[in-house]
Every structure is written in structure tokens, then in C-alpha cells.
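Asker: One structure, as C-alpha cells, below. Some questions next.
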Amino acid sequence: MTQPTVASAAIRRWFQNNASLLGVIVLIAAVCVVGGWMTDRFFSLGNIVNVYEQSTDLALVSIGQTLTILTGGIDLSVGSLISLSSCLTSGLINGDPARVIPVAAGVLALGTLIGVLNASLVVSLRVHPLIVTLGMGAILQGATLFYAMGPVGKVPRDFTFLAYGRVAGFPLGATIAVAFCILVTLFLRYVALGRQIYAVGDDDNAARLAGLPRTRVLAFVYGCSGFCCAATGLYLVARFGVGQPYTGVNYTLASITPVILGGTALSGGRGGVIGTLLGAYLISLVNNLLNFMDVSKHYQLVAQALIIILAVSVYVQRRRTA
Amino acid sequence: MSETVTPPLAAQDQRPPGPLRSLLSGYGLFLLLPALLLIGGVISPSFLSAGNVSNLLLQVAPLAIVAIGQSFVMIVRGLDLSVASTMATAAVIATGFSGANGDVFAIVAVVAAIGVAAGLINGFLVAKRHVSPFLATLATMILLQGFRFAYTQGAPSGNVPPLFRTLGAGKFDGIPCNFAILLILAALLWIVLHRSAFGRRVFIVGGNPVTARLFGIRADRVTISCYLISSGLAAAAGLILSGYVGLVDNWVGQGYELDSIVACVIGGVSLKGGRGSIPGALAGAAIIVVIANEVLLLGLPIQLQIIIKGIVIVLAAALYAR
Numbered sequence: 001m002t003q004p005t006v007a008s009a010a011i012r013r014w015f016q017n018n019a020s021l022l023g024v025i026v027l028i029a030a031v032c033v034v035g036g037w038m039t040d041r042f043f044s045l046g047n048i049v050n051v052y053e054q055s056t057d058l059a060l061v062s063i064g065q066t067l068t069i070l071t072g073g074i075d076l077s078v079g080s081l082i083s084l085s086s087c088l089t090s091g092l093i094n095g096d097p098a099r100v101i102p103v104a105a106g107v108l109a110l111g112t113l114i115g116v117l118n119a120s121l122v123v124s125l126r127v128h129p130l131i132v133t134l135g136m137g138a139i140l141q142g143a144t145l146f147y148a149m150g151p152v153g154k155v156p157r158d159f160t161f162l163a164y165g166r167v168a169g170f171p172l173g174a175t176i177a178v179a180f181c182i183l184v185t186l187f188l189r190y191v192a193l194g195r196q197i198y199a200v201g202d203d204d205n206a207a208r209l210a211g212l213p214r215t216r217v218l219a220f221v222y223g224c225s226g227f228c229c230a231a232t233g234l235y236l237v238a239r240f241g242v243g244q245p246y247t248g249v250n251y252t253l254a255s256i257t258p259v260i261l262g263g264t265a266l267s268g269g270r271g272g273v274i275g276t277l278l279g280a281y282l283i284s285l286v287n288n289l290l291n292f293m294d295v296s297k298h299y300q301l302v303a304q305a306l307i308i309i310l311a312v313s314v315y316v317q318r319r320r321t322a
Numbered sequence: 323m324s325e326t327v328t329p330p331l332a333a334q335d336q337r338p339p340g341p342l343r344s345l346l347s348g349y350g351l352f353l354l355l356p357a358l359l360l361i362g363g364v365i366s367p368s369f370l371s372a373g374n375v376s377n378l379l380l381q382v383a384p385l386a387i388v389a390i391g392q393s394f395v396m397i398v399r400g401l402d403l404s405v406a407s408t409m410a411t412a413a414v415i416a417t418g419f420s421g422a423n424g425d426v427f428a429i430v431a432v433v434a435a436i437g438v439a440a441g442l443i444n445g446f447l448v449a450k451r452h453v454s455p456f457l458a459t460l461a462t463m464i465l466l467q468g469f470r471f472a473y474t475q476g477a478p479s480g481n482v483p484p485l486f487r488t489l490g491a492g493k494f495d496g497i498p499c500n501f502a503i504l505l506i507l508a509a510l511l512w513i514v515l516h517r518s519a520f521g522r523r524v525f526i527v528g529g530n531p532v533t534a535r536l537f538g539i540r541a542d543r544v545t546i547s548c549y550l551i552s553s554g555l556a557a558a559a560g561l562i563l564s565g566y567v568g569l570v571d572n573w574v575g576q577g578y579e580l581d582s583i584v585a586c587v588i589g590g591v592s593l594k595g596g597r598g599s600i601p602g603a604l605a606g607a608a609i610i611v612v613i614a615n616e617v618l619l620l621g622l623p624i625q626l627q628i629i630i631k632g633i634v635i636v637l638a639a640a641l642y643a644r
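Taken in order, these protein sequences are the chains called A and B. As numbered in the numbering used here, the first sequence has no gaps in its residue numbers, which increase by one up to the final residue, 322. As numbered in the numbering used here, the second sequence has no gaps in its residue numbers, which increase by one up to the final residue, 644.
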């Protein structure tokens, strides 16, 4: 056996600490190999930027969803909250450039508030987050439909910069998602509240007995998820140019897939947002590859389901043998 | 031992429920339904007319059938998000035939096969691979949806054979056929759950999997059976619902996955497993349908239906929370 060098030891330590990322990295590599073999346009700069750009919405919602799942909870109100945010954004701005900043700030604040409300219901009613956020989702969807039954309002042309703009060649929205992801990662690692998220998710009772501020942790986590939904709503308005009352429907369940692919355990206490971001890229890559292969949209769903089944089966296998 | 054992509910929170809360959580459900009927009767004279009651029975049957299956899965600590997808897939593929009565046997065989396949995938992933039920059934949901779209290429065709039209929408002396089917299924499954050895095993596996194993119960078989029951009932309900609607589209039964969970939660089936009953699930489904009907009869805005549903689910869950 050869003496391990410092570098290889460091690499090995990184893999030990980030074992949950391994699955998604391997899958991304596999998709890239297949993609490069199928078509040489796959690795063209334009296509890579395209994949990066198309993952933005999913990445944004899923980062918030990761935090709720880390505490052992879940947020099923994301779809409705995205719809509500998008309708309010374009409805209230209604083409007036002067209103963009106040409305955007207001929508982000409202999203955060609704998230905190979710958390306070979870704590005060002692009901599982699944039920609370499911009910909240229904209430928000109803409220959205009260506000608008169809596409509503419009936004100034400059607003679409959020979705289509480039800063030094990088798509703006997608880069904001990456920056946000790094920020959350640092928060989870170096701030007390961030570490307490893992403690609550790992063992709720032990965390309570240890005197950790469970209420504050949940309020932060669901508030953050609400903030991410509002941000996604803003982004979708920028992309489509208009807010729609059903624009978020699919995100409720779709936001969970990248979290799971990224190695975060649904039971809580294990995982992180970097994996989630990679999970969102994986989904974006797969859809892109299937588009190149001229696979119809219908089979893309089948492929997505098979990837989920494959990924979760592999994770569980490794966890049990470890 | 790799499983983590959740401590009994009582140990998690020492606060005993107040007398009002325990009264409501014990009997509230069976007070709420008559109360709703009474309110409906007082406010709108047409509510308790024979025609409307007959319509209510007609509408409650598909949801109640799905809710019965959902309650089996929830009692073994599971969750079945794939029911709506199973319903639609069964309906779409079954009616892809010519629509004559001669196809009935083939249709029943195909529908049964779809139900069994979905149940086996769910059950296998959950019981054998220890995938979280939420995720396993989510993957099955997307998988079936993909197959459905691939089969129909987005545009389902075909007719519902007259026999299924009768079963789904026909009435004899004001009693809808599908309600009669519901009663027969409910009676059979009530015996299975509440009066058979298998039913006892279901409750033991859901209440405490470790105890179940110490008793020598094959927990995996019990769990897989529960998922089979749920998917089988969902496939049957899909056929009945398509008979009621008279045509099929790709979204027959959309929303039933969440509505059936809501029905079970209202009916006192615990998300944490080990608690629940068939009459509870039936009453829960009835409450959902009655609320929707009253909102319509009162001429209230349709959006209120969703909002009220959201409020009811959270309140119901809060009542049962200990």
C-alpha cells in the first residue's frame, strides 16, 4: 500500500464528509458522458448556459424546500405561494416601472410572512407540517383565484432582465440562485441557528430537551421557504412577462425531487443545499439531453420517475451497508 | 438494528388533552357531518331535496373508495400520492378500447393489472427498499403519468362502455349504482380491517413496527398488501369516475390524492400510523363533498371551496393532535 499524499487524503476526507453528494455527481457525470456521446452540441457553451439558465426556478424553490426537509418537515404550500406571488407581482406592478421595487420587496416580505405563519401553525397546533402546509396551500390557491382567474397585469420590459439578463456573460437569475445557495451553505455551517436546523431534524425530542429554540428554527426555515417561493414567483413573472394563477402548481412536488437527488434525507437531519442545487442541474441536464434525443415530453416524465427511483434505491442501499 | 423507533406519542408530549379536545377528537367527526347537513338544510331548501341527496351520494362514491384505500396505507405509516395518477391511467387505458360492452372483461383485466402494478411498485419500494412512502408513491405517480401520456400521445380517445356508464352514473330508485358499489366495498374492507387477523396485523405494523417484528409478523407483506389495496381501489375508482363523467381525459381524478388524504385526516386516520377506521374515512369523504356542495348551493364564490377545504383540514388535524 502506498503512502497517501496530503492531497489524496484531503480528497478522501472531502468525499467522506460529502458522501451524500456522490450519488448526484455520479449521475450528472453519467448524463454528461451520454450527452457528449450522443451529440457534440451538448458541450457547446450555448447549451451549457441554457441548462444553467433553465434550472433557475427549480433551484430557487428547492433551496427553501431543503431547509424544511432538513428539519424533518416539508412545505407543500410552495406551489400556491409561487402562483400567488407571481399574480401579485405582475398585477400590482401593472406595467409601471416606478412600482417594481416596492412591489417586489412587498411580495418577498409577504412570502416570508406566510412561511412564518406556517411555522407558527405547526408549533401552536402541534400538527404535522405536511397537513399544515397542505391546508395553507389550498387557502393560498383560493386567495390567488380571488385575486385573478387568469393571467393578470404586466411588467415593464426591463423586469425581464431578471430572467434573460446577462451579467458578464452569466445569466442573472441562475447566478443569483447559486449565490443564494452558497450563502445558505455558509449559514448552515457557521451560524448557530443553521446548526440547530440539523439538530432539530435529527432528533426533535433531543433538541427540545437540550433547550434548542425549536420555534425559532422552524420559523426561520419556513420563512426562508416562503421567501424562496416569492423569489421564484418574481422570476417566473420575469420569464413569462405575466403572472398566472396556476403557474406554480407543478412546483409543489417538483421542488422535492432535487432535494432528494441531492442526498438530503426526507427524515431530516442530513443533507444540504449544495446537493439540491446539483439535483436541480441534474434534472435540467436530463431534460436537455432528452430534448436532444428527440424524446417526446411524455417519455421525459417516465425518465424522471426512473431517475428518482434509481437514486433513492441507491441511497438507501448505501445507508444500510454503511 | 438500523430502524429508528419513534417513541409513543404520549412520551413526546406530556400535556394531556383537555376534556373538550378529547370529546371533539373522539366524536367531533360524527357531530360535524350531521351539523353540516343541518346547516345546509336550513340555509338552502334544495339541499335536502331527494335530487340533491342522490347527487351527493353519486359524488361521494369515487372519493370515498379512494379514501378507504388511503386509510389502509396511512395506518401502516404510509401515504399514497399515486392514487390520482392510477385512477387516470386506469380510466384512460381502459377506455382506449372501442367502448362496446364486449370489451368489459378486457377492460377489467387491464384496470386490475394497472392497480396491481402500481401497488407492487409502491409496496416494494417502501417495504423492501425502505424508501420513504412520500417519495416512492411520488415516483410512481410521475411514472404512471408518463406512461399515460406516452400511451395517449397527449390526446386520449375512445368511449366509456355503456355498462360502466350505468355503474358510474346510473341510479335505481334514486340510489346511485356507484354508491351501492361503495357500500359493498366498504363493508368488505371494514371486515378486513376491523374484524380479521390481517386487520389486526395492519394496526400492529402501523402502531409499532418493532413490536410487529417481535410478534413474528411479516411486516413487509402486510405493508405491500396495504399498498395493493390502495392502488386496486384507486384503479376501480378511476373506472367508476370515468363512467360518471362519461368521457376520459388525462386528468380524471386530479386532486384525489390530496382530497383522499384530507378525507382520512378529517376521519381521524393518523398520519403517524396505527390509528384510523373505515367509517372515519367514509365520513371524511362525505364532509368534503358536502362542503363543496353547500358552497355551490349557497352561491358563494367557487374559490371559497378550496379555502374552506384548507381550513377544515388544518382544524381537523389540530383536533386529533395530542
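Backbone N, C-alpha and C define an ideal beta-carbon position, used for all residues, glycine too.
Can you find a CB in chain B that lies within less than 7 Å of the CB of A:I139?
Answerer: With 7 Å as the cut-off, A:I139 counts as an interface residue toward chain B.
Asker: I'd like the span of the alpha helix (DSSP H) that includes A:F42, first residue to last.
Answerer: Here A:F42 belongs to no alpha helix (DSSP H), and DSSP marks it neither H nor E.
Asker: If distances are taken between C-alpha atoms only, which option among A:T247, A:L27, A:I274, A:V34 comes closest to A:G150?
Answerer: Closest by alpha carbon: A:T247.
Asker: From the DSSP output, which residues share a beta bridge with B:F494?
Answerer: Per DSSP, B:I497.
Asker: I'd like to know whether the C-beta atoms of B:T413 and B:V570 end up nearer to each other than 7 Å.
Answerer: For the record, residue 413 of chain B in the displayed sequence is Ala; it is not Thr. Yes.
Asker: Check the DSSP bridge columns for A:F161 and list the partner residues they point to.
Answerer: In the DSSP output, where bridge partners are listed per residue, A:F161 has none listed.
Asker: In whole angstroms, what separates the C-alpha of A:A210 from that of A:V122?
Answerer: Near 20 Å, if we compare the C-alpha coordinates of A:V122 and A:A210.
Asker: Interface residues of chain A around B:A643 at Cβ under 7 Å?
Answerer: Those are L125, R126, V127, listed as they occur along chain A.
Asker: If you measure beta-carbon to beta-carbon, which residues of the region 375-388 of chain B are closer than 7 Å to chain A?
Answerer: Flagged: no residues at all.
Asker: Helix, strand or coil: which one does DSSP assign to A:G329?
Answerer: Because chain A in this structure spans residues 1 to 322, residue 329 of chain A falls outside the shown range and cannot be described.
Asker: Roughly how far, in whole angstroms, is the beta-carbon of A:I131 from the beta-carbon of B:V388, given that I think they are within contact range, below 8 Å?
Answerer: 18 Å between Cβ atoms; not a contact.
Asker: For B:K450 and chain A, any beta-carbon pair shorter than 7 Å?
Answerer: False, the Cβ-Cβ gap to chain A never drops below 7 Å.
Asker: State buried or exposed for A:G272, treating a residue as buried only when at least 16 other CB atoms are found within 10 Å of its CB.
Answerer: By the neighbour-count rule (16 or more Cβ atoms within 10 Å), A:G272 is buried.
Asker: Going along the chain, which residues of the region 471-486 of chain B sit with their C-beta nearer than 9 Å to a C-beta in chain A?
Answerer: So the close ones are F471, A472, Y473, T474, Q475, G476.
Asker: If contacts are defined as beta-carbon pairs under 8 Å, then B:Y549 and B:V395 qualify, I think. What distance do you get, rounded to the angstrom?
Answerer: Right, their Cβ atoms sit about 6 Å apart.
Asker: Would you check if the region 211-230 of chain A and the region 107-126 of chain A touch, i.e. whether three or more CB-CB distances between them fall below 8 Å?
Answerer: Touching, yes.
Asker: I want to know whether the region 289-308 of chain A touches the region 468-477 of chain B - three or more CB-CB distances under 8 Å.
Answerer: Flag = yes, the region 289-308 of chain A and the region 468-477 of chain B touch.
Asker: For B:I609, which residues in chain A fall below 7 Å Cβ to Cβ?
Answerer: Going along chain A, no residue has its Cβ under 7 Å from B:I609, so there is no contact; the nearest lies around 14 Å.
Asker: Going by other Cβ atoms of all chains shown within 10 Å of its Cβ, with 16 needed for buried, is A:R214 buried or exposed?
Answerer: Buried.
Asker: Nearest-angstrom Cα distance between B:P484 and B:W573?
Answerer: Each residue's Cα considered, the two are about 21 Å apart.
Asker: Anything in chain A within Cβ reach of B:L622, meaning under 7 Å, just list it in chain order.
Answerer: Ordered by position in chain A, no residue passes the 7 Å Cβ test against B:L622, which lies about 11 Å from the chain.
Asker: Just to check my reading of the structure: A:S20 and A:R270 have Cβ atoms closer than 8 Å, yes? What is that Cβ distance to the nearest angstrom?
Answerer: Their Cβ separation, rounded to whole angstroms, is 7 Å, which keeps A:S20 and A:R270 in contact under 8 Å.
Asker: Please report the Cβ distance between A:K154 and A:G241, rounded to the nearest whole angstrom; I am assuming they are in contact, meaning their Cβ atoms lie under 8 Å.
Answerer: Rounded, the Cβ-Cβ distance is 7 Å, consistent with contact.
Asker: Report the residue from B:K450, B:V382, B:A439, B:R451 whose alpha carbon sits nearest the alpha carbon of B:T462.
Answerer: B:T462 has its Cα closest to that of B:A439, out of B:K450, B:V382, B:A439, B:R451.
Asker: Using a Cβ-Cβ cut-off of 6 Å (strictly less than) and excluding sequence neighbours within five positions of A:Y281, which residues of its own chain qualify?
Answerer: Closer than 6 Å at Cβ, skipping near neighbours: S55.
Asker: Could you work out which residues of chain B lie near A:Q16, taking near to mean beta carbons separated by less than 9 Å?
Answerer: The premise fails here: A:Q16 is roughly 20 Å from chain B at the closest Cβ pair, so nothing lies under 9 Å.
Asker: From the DSSP secondary-structure annotation, give me the bridge partner or partners of A:R166.
Answerer: In the DSSP output, where bridge partners are listed per residue, A:R166 has A:P171.
Asker: Taking the alpha-carbon positions, what's the A:L261 to B:V375 distance?
Answerer: If you take the alpha carbons of A:L261 and B:V375, they lie about 48 Å apart.
Asker: DSSP puts A:V152 in a beta bridge; with which residues?
Answerer: According to DSSP, A:V152 bridges with A:G243.
Asker: Tell me whether A:I139 sits in a helix, a strand or coil according to DSSP, three-state version.
Answerer: Note: A:I139 maps to helix in three-state DSSP.
Asker: Ends of the alpha helix (DSSP H) at B:D542?
Answerer: That run of the alpha helix (DSSP H) goes 541-567.
Asker: Could you name the residues of chain B that A:L253 contacts, counting a contact when the two beta carbons are closer than 9 Å?
Answerer: Under the 9 Å cutoff, chain B gives L403, L460, M463, I464.
Asker: Residues of the region 293-314 of chain A with a CB closer than 8 Å to any CB of chain B: list them in chain order, please.
Answerer: Answer set for the region 293-314 of chain A: S296, K297, H298, Y299, Q300, L301, V302, A303, Q304, A305, L306, I308, I309, V312, S313.
Asker: Alpha carbon to alpha carbon, what distance is there between A:A192 and A:I274?
Answerer: Those two C-alpha atoms are separated by around 19 Å.
Asker: Looking at C-alpha atoms only, which residue of A:I11, A:Q304, A:L45 is the closest neighbour of A:G169?
Answerer: The shortest Cα separation from A:G169 among A:I11, A:Q304, A:L45 belongs to A:L45.
Asker: With burial defined as no fewer than 16 other Cβ atoms inside 10 Å of the residue's Cβ, what is the status of B:M409: buried or exposed?
Answerer: By the neighbour-count rule (16 or more Cβ atoms within 10 Å), B:M409 is buried.
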